[in-house]
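*Asks:* Let me begin by handing over the structure; questions about it come next.
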Amino acid sequence: MNTVGLLAQLGILNPFNRKQESEADYLGMIFSSLSGYDAIPIIALTAHALAEHREQAEEAGANDFDTKPIEMPRLMEKIEKLLP
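Counting from 4, one number per residue, gives the positions in the sequence shown under the working numbering.
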């Protein structure tokens with residue numbers, strides 16, 4: 004039995020949701036950027052395709068942005084562009 008199923012049977016729900024997970028990723032990008040750690044290029048992958056989401060990713064320190072569903076040729080082009 005997987006953990007989620009077991010916790011649900013016991014009446015315990017996961018206290019974290021996707022929004023909190025996304026916020027944690029966002030904060031992680033901000034803090035790594037503030038500390039000067041920019042050694043790894045970041046491509047934000049999201050199902051959200053609005054301009055405001057792209058802006059949020061850029062503000063958080065992402066080097067590029069791509070939407071899901073992932074198109075591998077497009078993603079590989081972005082990766083190759085960011086590599087030294």
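Just so it is clear, CB atoms sit at the ideal spot from N, CA and C, and this is done for glycine as well.
1) Rounded to whole angstroms, what is the Cα-Cα separation between Gln59 and Ser35?
2) If you draw a straight line from the C-alpha of Glu80 to the C-alpha of Ser38, how long is it?
3) Buried or exposed for Ile82, please, with buried defined as at least 16 other CB atoms from any protein chain shown within 10 angstroms of its CB.
4) Which value, in whole angstroms, describes the spacing of the CA atoms of Gly64 and Ser25?
5) Please go through the same chain and pick out, in chain order, the residues whose beta-carbon is closer than 6 angstroms to the beta-carbon of Leu48, but skip the five residues on each side of it.
*Replies:* This is what the structure holds:
1) Working through the sequence shown from its first residue, we reach residue 59 at position 56. Working through the sequence shown from its first residue, we reach residue 35 at position 32. In this structure, the CA atom of Gln59 is about 16 angstroms from the CA atom of Ser35.
2) In the sequence shown, residue 80 corresponds to position 77, counting from 1. In the sequence shown, residue 38 corresponds to position 35, counting from 1. Roughly 28 angstroms between the two C-alpha positions.
3) Indexing the sequence shown from 1 puts residue 82 at position 79. The residue in question, Ile82, is exposed, as its Cβ has fewer than 16 Cβ neighbours within 10 Å.
4) Residue 64 sits at position 61 when you count from the first residue of the sequence shown. Residue 25 sits at position 22 when you count from the first residue of the sequence shown. C-alpha separation (whole angstroms): 14 angstroms.
5) By 1-based counting over the sequence shown, the position of residue 48 is 45. Excluding five sequence positions before and after Leu48, the CB atoms of its chain that fall closer than 6 angstroms to its own CB belong to Asp69, given in chain order.
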